[in-house]
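Using this note's numbering, the first residue of the sequence shown is number 72, and each one after it goes up by one.
From the three backbone atoms N, C-alpha and C, an ideal C-beta is built for every residue, glycine too.
Bear in mind the structure is a predicted one, so any value in this text is a computation, not a measurement.
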Amino acid sequence: MSGRHPRNPNRGFSLVELMVALVISLILLGGVIKIYESSKQAYRAQDNQARLQENGRFAMYFLAKDIRMAGYMGCNRISQVTPNIIAKTPPMTPLFSAETVIGGYDGGTWPASFPAKPAKLVAGTDAILVRHASAASVSVAKSMTDVKPTNPPMAEIQISSNPSNYQAGDLLFITDCSSADIFRATSVSKGSGGITVAHTLATNSQNTLSKAYNTDAQVMAFEYSLYYIRTTATPGVDALYRVTANSTPEELVDGVRNMQFLYGVDTDGNGSADEYRTASEVDAMPVGWPAVVSVRVSLLLVSQGKFLTQTRQELRFNGALYKAPDNRLYAAFGDTVTLRNRIR
């Protein structure tokens, strides 16, 4: 019997079939890559947007917290009691007064009542300085006349504890609601009778306070905070910085492109803002800084990531239209903060 070949023998794919399959595979792969890239871009945008919102909230929190405290000095107010200041080498002059518990800079000459001008300050951005006593206080444990009745009678203060870790060289407040003094601690020592804070001529212009305080007095740290925008190593991404009485410049929040302040001025003495002015305008007003009762804060933040938008954003910032210079994400934040210690 002779062998017979099947009618449809098995054959391999033709070149045309292979090329068609390859093209289809490439189309499918391209679609997968496109979906992946779109998902990745969406994730990048969402991640940067979340960080942007978080940074904005943190920046506003830091600023609002300090601005509210401006002028705080315990149970009395700067409008009622003028502190007796004996501390040597204060970081600024005057150290603490109704005119200086809050101050602003919006370009031009750096204010003489501010600490030294920080390096790398971004041109065109504002700076703000607030001064106050710390919210944390400690009670005087013994009348000053009993601590060291001689040599001289008021050169030492005994406190009940030291939770804020006062150290030699610190600027401190002491107040009993009718009087207040600001001095620089010469030494802080712990003994059997408690913790003694000395204020001698080594760090003060005199070694006596305005009075011998009793156990109804409180001791607090003197604090100031200077907020400003500084350039960073990342081009296009500046940061909010702060200088305090006990620290070198510290970065608080990155991605802060601009910061502007308007100051609410009480022109009729009723305790509420009648108009909002720039720092330079407040400087020129007869009522000046003692009449400032609130601060309007405007922040412009920018994302770290680039190429996050197809078109450049346009948004409202500080009462005007802001056009983004690139394809990063931008967001504007604003709030009006009341100076609690100026409210009647």
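Residue from 351, 184, 398, 177 whose Cα sits closest to the Cα of residue 195: On the sequence shown, position 124 is the one that residue 195 refers to. With distances taken between CA atoms, residue 195 lies nearest to 177 out of 351, 184, 398, 177.
Residue 339 versus residue 249 - alpha carbon distance: Translated into positions along the sequence shown, residue 339 becomes position 268. Translated into positions along the sequence shown, residue 249 becomes position 178. For residue 339 and residue 249, the distance between alpha carbons rounds to 27 Å.
Contacting residues, own chain, Cβ-Cβ under 6 Å from residue 417 (five flanking each side not counted): No information on residue 417 is available, as it lies outside the stretch 72 to 415 that the chain covers here.
Inside the stretch 229-316 only - alpha helix (DSSP H) runs reaching at least 4 residues: Runs found: none.
CB of residue 211 within 8 Å of CB of residue 229, strictly: Residue mapping note: residue 211 aligns to position 140 of the sequence shown, counting from 1. Residue mapping note: residue 229 aligns to position 158 of the sequence shown, counting from 1. Contact flag set, yes.
Residue 352 (DSSP reduced to helix, strand or coil): Taking the first residue of the sequence shown as position 1, residue 352 is located at position 281. Three-state DSSP puts residue 352 in a helix.
Pick from 216, 414, 386, 376 that is closest to residue 279, judged by C-alpha positions: Residue mapping note: residue 279 aligns to position 208 of the sequence shown, counting from 1. Of the candidates 216, 414, 386, 376, the residue whose Cα lies closest to the Cα of residue 279 is 216.
When 87, 378, 89, 396 are compared against residue 117, the one with the closest alpha-carbon: Here residue 117 is taken as the residue at index 46 of the sequence shown, counted from 1. Among 87, 378, 89, 396, the Cα nearest to that of residue 117 is on 378.
CB-CB length for residue 187 against residue 245, believed under 8 Å: Your numbering for residue 187 matches position 116 in the sequence shown. Your numbering for residue 245 matches position 174 in the sequence shown. Their Cβ separation, rounded to whole angstroms, is 27 Å, which puts residue 187 and residue 245 out of contact at 8 Å.
DSSP-derived helix/strand/coil call for residue 332: Position 261 of the sequence shown, counted from the start, is the residue given in the question as residue 332. Three-state DSSP puts residue 332 in a strand.
Whole-Å CB distance - residue 185 paired with residue 174, under 8 Å assumed: Translated into the one-based positions of the sequence shown, residue 185 becomes position 114. Translated into the one-based positions of the sequence shown, residue 174 becomes position 103. About 7 Å; that satisfies the 8 Å criterion.
Whether residue 348 touches residue 334 by CB criterion (8 Å): Here residue 348 refers to the residue found at position 277 when the sequence shown is read from its first residue. Here residue 334 refers to the residue found at position 263 when the sequence shown is read from its first residue. In this structure, residue 348 sits near residue 334, with a CB-CB distance shorter than 8 Å.
Best match in 290, 153, 172 for proximity to residue 266 [C-alpha to C-alpha]: The sequence position of residue 266 within the sequence shown is 195, counting from 1. With distances taken between CA atoms, residue 266 lies nearest to 290 out of 290, 153, 172.
Cα-Cα separation between residue 256 and residue 208, rounded to whole angstroms: Within the sequence shown, the letter at position 185 stands for residue 256. Within the sequence shown, the letter at position 137 stands for residue 208. Going from the Cα of residue 256 to the Cα of residue 208 covers about 15 Å.
Contact between the stretch 370-377 and the stretch 84-102 (3+ Cβ pairs under 8 Å): Taking a cut-off of 8 Å on C-beta distances, the stretch 370-377 does not touch the stretch 84-102, as fewer than three cross pairs fall below it.
Among 260, 259, 243, 258, the one whose alpha carbon lies nearest that of residue 252: Here the question's residue 252 lines up with position 181 in the sequence shown. For the residues 260, 259, 243, 258, the minimum Cα distance to residue 252 belongs to 243.
Beta-carbon spacing of residue 20, residue 193 below 8 Å: The question about residue 20 has no answer, for the chain in this structure spans 72 to 415.
Residue burial classification, residue 106 (beta-carbon count within 10 angstroms, cutoff 16): Position 35 of the sequence shown, counted from the first residue, corresponds to residue 106. Counting Cβ neighbours within 10 Å, residue 106 comes out exposed, since fewer than 16 surround it.
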